[in-house]
Amino acid sequence: MTIQRILVGIDGSDGAGQALSWAADLAGALGAELLVVHARAPISSLRFGVAASIGGLAAATAAAGAGVSDEAREQERAVVEEWCARVGTAIAPRRVLIGEGEAAVVIEDAATDQQADLIVVGRRGRGGFAELVLGSVSHHLTHHAHHPVVVVPTDSVGASRRSPERDRA
1 MTIQRILVGI DGSDGAGQAL SWAADLAGAL GAELLVVHAR APISSLRFGV AASIGGLAAA
61 TAAAGAGVSD EAREQERAVV EEWCARVGTA IAPRRVLIGE GEAAVVIEDA ATDQQADLIV
121 VGRRGRGGFA ELVLGSVSHH LTHHAHHPVV VVPTDSVGAS RRSPERDRA
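Taken in order, the sequence shown gives residues 1 to 169; the numbers are from UniProt numbering.
In structure tokens, the structure reads:
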């Protein structure tokens with residue numbers, strides 16, 4: 001199997017940042033395209049305060065009111081690009097895709113639409129009851145996705161960055 005397109009789901013969390021770093025390293029090593037996918041909470045959720053603001057993204061989207069304005073879309077894309085820049089994913093080719101809906105579904109749909117060879121996500125580490133109540137993107141994907149899925153574990157704060165090259169050693 002040749003990996004030509006790697007899709008990574010991000011939400012601004014530390015776990016997603018580590019998944020993004022890992023996926024970017026792997027894409028660079030394989031010469032694969034990196035697709036960075038972010039799922040925006042449905043507008044109705046944002047209006048009623050259900051979604052948490054991560055890096056100002058929810059506020060930018062909620063400001064659009066009933067729809068998502070061009071300005072809000074640009075702000076949203078800028079926040080996602082900032083997340084990418086923070087973890088040093090300046091490799092090319094890289095594309096950013098933003099969808100609306102439940103994160104696991106947006107990631108699954110993007111993987112199918114974009115013909116991804118691999119899905120990479122981080123793990124927040126909730127587990128137990130919190131995972132049952134709140135759900136888990138990584139849990140859903142490992143059980144329902146039709147593509148191979150890599151779940152990158154969250155390292156302790158300040159741990160050195162792991163890369164696919166170092167993991168193979």
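Glycine included, every Cβ here is placed at the ideal spot set by N, Cα and C. Since this is a predicted model, take the numbers as computed values, not measurements.
- The three-state reading of DSSP puts His-146 in coil, since its state is none of H, G, I, E or B.
- Taking a C-beta distance under 8 Å as the contact criterion, Gly-9 and Ala-103 qualify as a contact pair.
- Counting other Cβ atoms within 10 Å of its Cβ, Glu-76 reaches 16 or more and is therefore classed as buried.
- One alpha carbon belongs to Ala-24, the other to Gln-4, and they sit about 13 Å apart.
- Counting along the chain, Ala-39 sits inside no alpha helix (DSSP H); it lies in the beta strand (DSSP E) bounded by residues 33-40.
- Comparing alpha-carbon positions, the option among Thr-2, Val-36, Thr-112 lying closest to Ala-29 turns out to be Thr-2.
- The beta-carbon separation of Leu-7 and Ala-72, rounded to 24 Å, does not stay under the 8 Å limit for a contact.
- Judged by beta-carbon spacing, Val-137 lies within the 8 Å limit of Val-121, meaning their Cβ atoms are closer than that value.
- For Gly-12 and His-38, the gap between their C-alpha atoms comes out near 9 Å.
- Ala-19 sits away from Val-149, with the two beta carbons spaced by 8 Å or more.
- Distance from the Cα of Ala-32 is smallest, within the candidate group Glu-81, Glu-100, Gln-115, for Gln-115.
- With respect to the C-alpha of Arg-94, the residue from Glu-81, Asp-117, Asp-70, Glu-100 having the closest C-alpha is Glu-81.
- Residue range 94-100 is occupied by the beta strand (DSSP E) that includes Arg-94.
- Residue environment: Arg-86 is assigned as exposed (fewer than 16 neighbouring CB atoms within 10 Å of its CB, all protein chains considered).
- The continuous beta strand (DSSP E) containing Arg-5 extends over residues 5-9.
- Residue pairing by DSSP places Leu-118 opposite Ile-6 in a beta bridge.
- Assignment of Val-152 by DSSP, reduced to helix, strand and coil, places it in the strand class.
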